[in-house]
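K.L.:
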Amino acid sequence: MDDIEPKDIDPHALTRFAKEQALRLGFSLAGISTADPPPHLDAYRGWLSQARHGEMAYLARADAVERREDPRRILPECRSILVLAWPYEPPSPPATRGRIAAYARGPDYHDVLLDRIGPWVSAMEARLGRSFPFRAYTDTGPLLERELAQRAGLGWIGKNTCLIHPRRGSYFLLAEILLSLALVPDPPFGADRCGSCTRCLDACPTDCILPDRTLDARRCISYLTIEHRGRIPVELRESIGDWLFGCDVCQQVCPWNIRFAERAAVPSASVELDMADILSLDDDEIRRRTKGTALRRTGRAGLVRNAAMVAANTGAHDLVPALARRLKGDPDPTVRQHAAWALGRLGGIDSQRALRESLEAEADPAVSQEIERALT
Ligand code: SF4
Ligand code: SF4
10 MDDIEPKDID
20 PHALTRFAKE
30 QALRLGFSLA
40 GISTADPPPH
50 LDAYRGWLSQ
60 ARHGEMAYLA
70 RADAVERRED
80 PRRILPECRS
90 ILVLAWPYEP
100 PSPPATRGRI
110 AAYARGPDYH
120 DVLLDRIGPW
130 VSAMEARLGR
140 SFPFRAYTDT
150 GPLLERELAQ
160 RAGLGWIGKN
170 TCLIHPRRGS
180 YFLLAEILLS
190 LALVPDPPFG
200 ADRCGSCTRC
210 LDACPTDCIL
220 PDRTLDARRC
230 ISYLTIEHRG
240 RIPVELRESI
250 GDWLFGCDVC
260 QQVCPWNIRF
270 AERAAVPSAS
280 VELDMADILS
290 LDDDEIRRRT
300 KGTALRRTGR
310 AGLVRNAAMV
320 AANTGAHDLV
330 PALARRLKGD
340 PDPTVRQHAA
350 WALGRLGGID
360 SQRALRESLE
370 AEADPAVSQE
380 IERALT
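Whatever position you read off the sequence shown (first residue = 1), add 9 for our numbering.
1. Look at Pro46 and Glu86 and say whether their C-beta atoms are less than 9 Å apart.
2. Within the same chain, show all residues whose beta-carbon is closer than 7 Å to that of Arg88, passing over the 5 residues directly before and after it, in chain order.
3. Would you decide whether Ala31 is buried or exposed? Buried here means 16 or more other CB atoms lie within 10 Å of its CB.
4. What is the chain-ordered set of residues for which the beta carbon lies under 5 Å from any non-hydrogen atom of ligand 2?
5. Cβ-heavy atom distance between Pro214 and ligand 1 below 8 Å?
6. Am I right that Thr147 and Asp283 are in contact with their C-beta atoms under 8 Å? What's the rounded C-beta distance?
7. What beta strand (DSSP E) runs, 3 residues minimum, are completely inside the segment 239 to 300?
8. Indicate whether Ala325 and Leu355 have their beta-carbon atoms separated by less than 9 Å.
9. Given this structure, state the Cα-to-Cα distance separating Glu381 from Leu352, to the nearest angstrom.
10. Span of the alpha helix (DSSP H) holding Tyr118?
11. Please give the ranges of any beta strand (DSSP E) in the segment 181 to 238, keeping only runs that are unbroken, at least 3 residues long and fully inside the region.
12. Could you tell me the alpha carbon to alpha carbon distance between Ala320 and Tyr97, rounded to whole angstroms?
13. Count the other CB atoms, across all protein chains shown, that sit within 10 Å of the CB of Met10; report buried if there are 16 or more and exposed otherwise.
14. Between Arg334, Val344, Thr323 and Leu152, which has its C-alpha nearest Gly107's C-alpha?
15. So, are the CB atoms of Asp19 and Ala303 less than 9 Å apart?
16. Looking at Ser179: is its Cβ nearer than 9 Å to the Cβ of Trp265?
17. Let's see if you can read the secondary structure: which residues bound the alpha helix (DSSP H) around Ile358?
18. Tell me whether Leu23 is buried or exposed, calling it buried when 16 or more other Cβ atoms sit within 10 Å of its Cβ.
19. In this structure, does DSSP put Ile90 in helix, strand or coil?
20. Counting only the same chain and skipping the five closest in sequence on each side, list residues whose C-beta sits under 7 Å from that of Leu219.
21. Let me know the secondary structure DSSP gives Ile166 once reduced to three states.
22. Note down, in chain order, each residue of its chain lying with its Cβ closer than 7 Å to the Cβ of Arg222, except the 5 sequence neighbours on either side.
23. Using only the heavy atoms of ligand 1, determine whether one of them is closer than 8 Å to the beta carbon of Tyr112.
24. Can you tell me whether Ser42 sits near ligand 1, meaning its C-beta is under 8 Å from at least one heavy atom of the ligand?
25. Judging by CA-CA distance, which residue of Arg81, Gly55 and Arg33 is the nearest neighbour of Ala94?
26. State yes or no: is the C-beta of Leu172 within less than 9 Å of the C-beta of Arg155?
27. Using DSSP's beta-bridge definition, name the partner residues of Gly40.
Written out as structure tokens, the structure is:
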């Protein structure tokens with residue numbers, strides 16, 4: 010293939026420029042990976058074959074798996090990949106009732122990150138004096154992004170499956186730009202600095218971290234409260250604790266976050282929503298308050314379902330009237346099921362009355378079953 014960079018631009022200088030521009034735009038780390046196929050695709054295929062991805066069917070689609078096998082299936086001209094880390098504020102003690110994962114407390118990171126790709130591309134085009142083919146992704150692209158980040162020298166994949174940087178921990182999101190430019194690759198991060206530590210495995214509330222550095226997503230609170238649609242298995246509801254959206258536990262206990270991570274320079278706006286709001290507000294108001302945030306991903310019904318579980322798990326007896334209203338009037342059967350479960354767990358005369366009254370009126374057999382279980 011012919012070189013597509015002008016002959017008078019030194020690849021090392023262009024690589025330096027590419028990274029400097031990324032850091033100037035607020036990314037905290039920038040590394041270059043080769044465009045070769047990722048090394049651990051077999052492990053990924055094995056994870057899928059054991060259905061550990063839960064309902065995230067888009068991960069298992071044949072075309073998506075094939076594209077993950079080789080970045081050049083996404084961008085045929087791909088010659089290098091710029092991998093970027095975007096820092097977010099570490100979790101702080103919740104000021105509201107019910108916790109939201111730290112990354113989701115600000116504006117939707119998809120928008121924030123992708124908004125910065127345009128200026129980066131413009132700077133590169135100005136430097137090169139021409140445009141060039143590229144594809145940019147964050148989180149949802151058909152890429153094994155942590156593997157690419159490790160190969161770009163940004164850190165190692167910890168036992169908690171997060172990418173960990175030795176001085177910045179893991180409180181950052183990743184973005185990748187597949188480039189037709191031959192930038193100079195960084196040496197891969199070779200070390201595994203987890204050593205004999207098992208803190209994340211010990212602390213995970215649902216024991217879903219597997220020994221091969223993958224997760225059984227079907228049991229992970231992040232998956233259950235965000236990606237999973239519908240009823241959450243009864244045996245997992247208690248372990249969700251006070252998590253309304255996502256979970257930070259396996260990052261909070263990690264020594265690389267506790268001792269070494271630098272704080273994010275970029276302050277994140279706080280989402281103003283707690284479980285009482287979610288259970289009490291009408292749909293329009295919930296939509297208004299979640300606009301432009303990652304909380305939109307789980308949908309209105311998912312948020313209310315999660316809030317009902319958190320209310321039960323935190324003994325929020327003051328929310329019995331709000332739960333009773335959801336049980337009687339919410340159009341979504343999943344919400345009614347979880348409201349029934351929460352009322353059963355909270356107990357008391359008012360809960361029992363709401364459950365009995367709703368049982369008479371309920372037309373959905375699955376919800377009726379849940380109400381009967383709650384009454385007994
Ligand atoms: Fe476990 Fe929470 Fe980490 Fe999921 S996000 S692996 S539930 S600690
Ligand atoms: Fe690795 Fe320990 Fe951090 Fe888990 S908590 S990712 S084992 S260093």
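The C-beta atom is built at its ideal place from N, Cα and C for all residues, glycine as well.
Computed from a prediction, not measured in an experiment: that's the story for all the values here.
P.N.:
Concretely, from the data shown:
1. The Cβ-Cβ distance between Pro46 and Glu86 does not fall below 9 Å.
2. Answer for Arg88: Ala44, Leu188, Ser189, Leu190 and Ala191, listed in chain order.
3. Buried is the call here.
4. Listed along the chain, these residues meet the criterion: Gly167, Lys168, Asn169, Cys203, Cys206, Arg208, Cys209 and Cys263.
5. Between ligand 1 and the CB of Pro214, the shortest heavy atom gap is smaller than 8 Å.
6. In this structure Thr147 does not touch Asp283 by the C-beta definition: roughly 28 Å separates them, more than the 8 Å allowed.
7. Fully enclosed beta strand (DSSP E) runs of 3 or longer: 252 to 254.
8. Cβ distance < 9 Å, so Ala325 and Leu355 count as in contact.
9. Each residue's Cα considered, the two are about 12 Å apart.
10. According to the DSSP assignment, Tyr118 belongs to the alpha helix (DSSP H) that extends over Tyr118 to Leu137.
11. Residue ranges of uninterrupted beta strand (DSSP E) with 3 or more members, entirely inside the segment 181 to 238 and ordered along the chain, are 181 to 188.
12. Taking the straight line from one Cα to the other gives about 27 Å.
13. Because the pLDDT of Met10 is 43, which lies under 50, any placement of that residue in the model is unreliable, and the question is left without a value.
14. Here the closest residue by C-alpha is Thr323.
15. No, the pair does not count as a contact, with Cβ atoms beyond the cut-off.
16. Between Ser179 and Trp265, the C-beta spacing is below 9 Å.
17. Looking at the DSSP string, the run of the alpha helix (DSSP H) that includes Ile358 is Ile358 to Ala370.
18. Leu23 sits buried, since 16 or more C-beta atoms from the chains shown fall within 10 Å of its C-beta.
19. Of the three classes helix, strand and coil, the one that applies to Ile90 here is strand, per DSSP.
20. So the list reads Asp225, once near-sequence residues are dropped.
21. Ile166: strand per DSSP, three-state reduction.
22. Excluding the 5 residues flanking it on each side, Arg222 has same chain C-beta neighbours closer than 7 Å at Ile166, Lys168 and Thr170, in chain order.
23. With a cutoff of 8 Å, Tyr112 does not count as near ligand 1, since its C-beta is closer than that to no heavy atom of the ligand.
24. Result no, Cβ not under 8 Å from ligand 1.
25. If we check each option's Cα against that of Ala94, Arg33 comes out closest.
26. Against a cut-off of 9 Å, the Cβ pair of Arg155 and Leu172 comes out as a contact.
27. Answer by DSSP bridge pairing, in chain order: Val92.
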